[in-house]
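Report on the structure given below.
In this note's numbering, the protein residues as written are 51 to 292.
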């Protein structure tokens, strides 16, 4: 418990440390590679205090020998959602003012704001719906549980489609500037084809869940989330290489 409290107190100073790595007094693009790596690592540490507290709760419930069905449902929800929750918080930590994306990667304030808003939708809609789905599967009666899970999956799929729309829209999304700078590339020429195809994937999974294949739809959606994070990691690597 003391260690958790210490981590919580220290985490409050991380934002200032991240901003202190800003190159040239917060002038984009004038710093060292080591400062950029430091900002990246500190950004990943920033949300750990929340994850550690939730992990502590997970451990307490697991150690409770007389755990109820509701407690078991919470354990399952934490186990399923904690990695996704951390990944969203870690991505959001990159978007703080004067942080990695703005100060080191030279992203505009407007672009960073768009990404932060898209991540907030995932944080406040996707995660609660995912937790509700996990709990409903374990504790609600079969009929009510099935209806609740399907309704929650509507939110899951809708939020994921909205996130993809905000990030990948060829004109208003984060990728718009890249497409504008490379108008002759295949990605730009086929932009509406791949854009609508990607946005439609969560909606197709929604139809699959409403047809009764909730577990299959949830599994595919989880893989889709993994693919999106892989793309985000590749973007970070590409930015570091520049």
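Glycine included, C-beta positions come from ideal geometry on N, C-alpha and C.
Starting from the C-beta of residue 135, find all residues in its chain whose C-beta is less than 6 Å away, skip the five residues before and the five after it, and write them out in chain order.
Here residue 135 corresponds to residue number 85 of the chain shown, with the count starting at 1. The residues are 177.
Can you find the residues in the same chain that come closer than 7 Å, C-beta to C-beta, to residue 64, ignoring five residues on each side of it along the sequence?
Within the chain shown, the letter at position 14 stands for residue 64. Cβ neighbours of residue 64 beyond the five flanking positions: 92, 95 and 96.
Pairwise C-alpha distance: residue 274 and residue 288
Walking along the chain shown from the start, residue 288 turns up at place 238. Walking along the chain shown from the start, residue 274 turns up at place 224. Cα to Cα, the separation comes out at about 21 Å.
Helix, strand or coil for residue 227? Go by DSSP, reduced to three states.
Position 177 of the chain shown, counting from 1, holds the residue named residue 227. Three-state result, residue 227: helix.
Can you grab the Cα-Cα spacing for the pair residue 142 / residue 72, in whole Å?
Along the chain shown, read from residue 1 onward, the residue named residue 142 stands at position 92. Along the chain shown, read from residue 1 onward, the residue named residue 72 stands at position 22. Between residue 142 and residue 72, the C-alpha separation is close to 17 Å.
Inter-stretch contact (C-beta, 8 Å, three-pair minimum) for the region 217-235 and the region 201-208
Because the criterion of three Cβ pairs below 8 Å is not met, the region 217-235 and the region 201-208 do not touch.
Measuring straight from C-alpha to C-alpha, what distance separates residue 252 and residue 284?
Position 202 of the chain shown, counted from the start, is the residue given in the question as residue 252. Position 234 of the chain shown, counted from the start, is the residue given in the question as residue 284. Residue 252 and residue 284 have their C-alpha atoms some 22 Å from each other.
Same chain only: Cβ atoms within 6 Å of residue 123, ignoring 5 sequence neighbours per side
Position 73 of the chain shown, counted from the first residue, corresponds to residue 123. Close CB contacts of residue 123 within its chain, under the 6 Å cut and outside five residues either way in sequence, are with 185, 188 and 189 (chain order).
For residue 89, which residues of its own chain have a beta-carbon under 6 Å away from its beta-carbon, when the five flanking residues on both sides are left out?
Counted from its first residue, the chain shown places residue 89 at position 39. Taking C-beta separations shorter than 6 Å and ignoring five residues to either side along the sequence, the partners of residue 89 in its chain run 68, 71, 150 and 154, following chain order.
In whole angstroms, give me the CA-to-CA distance for residue 271 and residue 58.
To locate residue 271, count along the chain shown from 1; it is residue 221. To locate residue 58, count along the chain shown from 1; it is residue 8. Straight-line measurement puts the Cα of residue 58 at about 32 Å from the Cα of residue 271.
Fully enclosed by the region 141-215, which alpha helix (DSSP H) runs are 4 residues long or longer?
As summarised for the region 141-215, the continuous alpha helix (DSSP H) elements at least 4 residues long and confined to that stretch are 159-171 and 177-189, given in chain order.
Could I get the ranges of all uninterrupted alpha helix (DSSP H) runs contained in the region 106-143, with 4 residues as the minimum, in chain order?
Scanning the region 106-143 for uninterrupted alpha helix (DSSP H) segments of 4 residues or longer gives 119-143, listed from N- to C-terminal end.
Does the distance from the CB of residue 209 to the CB of residue 172 come in under 8 Å?
What you label residue 209 is simply residue 159 of the chain shown in a count that begins at 1. What you label residue 172 is simply residue 122 of the chain shown in a count that begins at 1. Contact annotation: residue 209 and residue 172 have beta-carbon atoms nearer than 8 Å.
State the CB to CB distance for the pair residue 290 and residue 86, rounded to an integer number of angstroms; the pair is presumed to be in contact (CB under 8 Å).
Numbered from its first residue, the chain shown carries residue 290 at position 240. Numbered from its first residue, the chain shown carries residue 86 at position 36. With 8 Å as the limit, residue 290 and residue 86 qualify as a contact, their Cβ atoms being about 7 Å apart.
Rounding to the nearest angstrom, what Cα-Cα distance links residue 76 and residue 247 in this structure?
Position 26 of the chain shown, counted from the first residue, corresponds to residue 76. Position 197 of the chain shown, counted from the first residue, corresponds to residue 247. Because residue 76 sits at a pLDDT of 40, beneath the cut-off of 50, its placement in the model cannot be relied upon, and the point is left open.
With burial defined as no fewer than 16 other Cβ atoms inside 10 Å of the residue's Cβ, what is the status of residue 106: buried or exposed?
On the chain shown, position 56 is the one that residue 106 refers to. With fewer than 16 Cβ atoms within 10 Å of its Cβ, residue 106 is classed as exposed.
If you compare alpha carbons, which of 147, 119 and 131 is closest to residue 276?
Locating residue 276 in the chain shown gives position 226, where the first residue counts as 1. Minimum Cα distance to residue 276 is reached at 131.
Close Cβ partners of residue 183 (< 6 Å) along its chain, the five nearest in sequence each way excluded
Here residue 183 corresponds to residue number 133 of the chain shown, with the count starting at 1. For residue 183, where only same-chain residues beyond five positions count, the Cβ hits under 6 Å are 199 and 202.
C-beta atoms of residue 101 and residue 112 nearer than 8 Å
Reading the chain shown from its first residue, position 51 is the one you call residue 101. Reading the chain shown from its first residue, position 62 is the one you call residue 112. Going by C-beta atoms, residue 101 is not nearer than 8 Å to residue 112.
At the level of alpha carbons, what is the spacing between residue 128 and residue 225?
As a working note, residue 128 is residue 78 in the chain shown. As a working note, residue 225 is residue 175 in the chain shown. Note on geometry: alpha-carbon atoms of residue 128 and residue 225 lie some 33 Å from one another.
Reducing DSSP to helix, strand and coil, say where residue 240 ends up.
By one-based count along the chain shown, residue 240 stands at place 190. In this structure, residue 240 counts as coil in the three-state DSSP scheme.
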